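Please read the structure below before turning to the comments.
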Amino acid sequence: MKEKEVVDALAMKRALTRITYEIIERNKGVEDIVLVGIKTRGIYIAERIADRMKQLEDVSLPVGSLDITLYRDDKGKDMEATADLTASSMPVSIEGKHVVLIDDVLYTGRTIRAALDALMDFGRPQKISLAVLVDRGHRELPIRADYVGKNLPTSTKEKVVVQMEEIDGQDRISIQK
1 MKEKEVVDAL
11 AMKRALTRIT
21 YEIIERNKGV
31 EDIVLVGIKT
41 RGIYIAERIA
51 DRMKQLEDVS
61 LPVGSLDITL
71 YRDDKGKDME
81 ATADLTASSM
91 PVSIEGKHVV
101 LIDDVLYTGR
111 TIRAALDALM
121 DFGRPQKISL
131 AVLVDRGHRE
141 LPIRADYVGK
151 NLPTSTKEKV
161 VVQMEEIDGQ
171 DRISIQK
């Protein structure tokens, strides 16, 4: 399988910084914002955005994590037996807050649909925005990101691989053919 690096560690850092600035600018600050990362890499991206927000605005945003395993419509019932029901956590109530849902790759939109369902089990936010590191196209559902680090046009035969230092030992994004 051929692999081509399309984003290196520095470019990834710049993309996350750009997303952070866009969140600040579009919301005229960061009041009542809660960052929620979708397990697994979305959580690390959310934490990095929160760290960058602390540096830029001197504000500590709450970061939640969301495991969508039980909410997926494209996985078999056997997934329910292996689902970790404690993998989701919200450090604060999301009632009336602006939730920025964060994931690594936006593809068909099914992960985000499942995440929206899972999020509603925690309460009713005033607003939900979507931030993704990579938007690769090929939507099956009418979902689009509000904040995008990198648009990567791909074929459906290709796979976008996001690697992060926290779990993969390096930061990079590649396309496998």
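Here full-length UniProt numbering is used: the first residue of the sequence shown is 1, the next is one more, and so on. Backbone N, C-alpha and C define an ideal beta-carbon position, used for all residues, glycine too. This structure is a prediction, so every number in the text was calculated from the model and none was measured.
Just reading off the beta strand (DSSP E) that residue i is part of, what are its end residues?
i     : result
Asp13 : Residue 13 is actually Lys in this sequence, not Asp. Run containing Lys13: none in the beta strand (DSSP E); it sits in the alpha helix (DSSP H), Ala9 to Arg26.
Mind reading off the beta-carbon distance from residue i to residue j? Whole number of angstroms is fine, and I expect it under 8 Å.
i      : j      : result
Lys97  : Val34  : 5 Å
Leu119 : Leu101 : 7 Å
Do you know offhand how far residue i's Cα is from residue j's?
i      : j      : result
Leu106 : Glu158 : 14 Å
Ala115 : Gly42  : 11 Å
Glu22  : Leu70  : 31 Å
Ala11  : Asp135 : 15 Å
Met90  : Ala15  : 25 Å
Ile143 : Gly29  : 25 Å
Glu47  : Met1   : 32 Å
Val92  : Val6   : 36 Å
Lys54  : Ser60  : 5 Å
Tell me which residues share the same chain as residue i and place their Cβ nearer than 6 Å to its Cβ, disregarding the 5 neighbours each side in the sequence.
i           : result
residue 178 : The requested residue 178 does not occur in the structure, where the chain is confined to residues 1 to 177.
Glu166      : Tyr44
Looking at the unbroken alpha helix (DSSP H) that takes in residue i, where does it start and where does it end?
i      : result
Lys66  : Here residue 66 turns out to be Leu, not Lys, going by the sequence shown. Leu66 -> not in any alpha helix (DSSP H); beta strand (DSSP E) instead, spanning Val63 to Leu66.
Arg172 : First-last for Arg172: Arg172 to Gln176, but that is the beta strand (DSSP E), not the alpha helix (DSSP H).
Ile167 : Glu165 to Asp168
Ala145 : Looking at the DSSP string, Ala145 is not in any alpha helix (DSSP H), and its letter there is neither H nor E.
Identify, in the order they occur along the chain, each residue of the same chain with its Cβ nearer than 8 Å to the Cβ of residue i, setting aside the five sequence neighbours on each side.
i      : result
His138 : Tyr107, Thr108, Thr154 and Thr156
Would residue i pass as an interface residue toward chain C - the criterion being a Cβ-Cβ separation below 8 Å?
i      : result
Val132 : The displayed structure is made up of one protein chain only, and chain C is not part of it.
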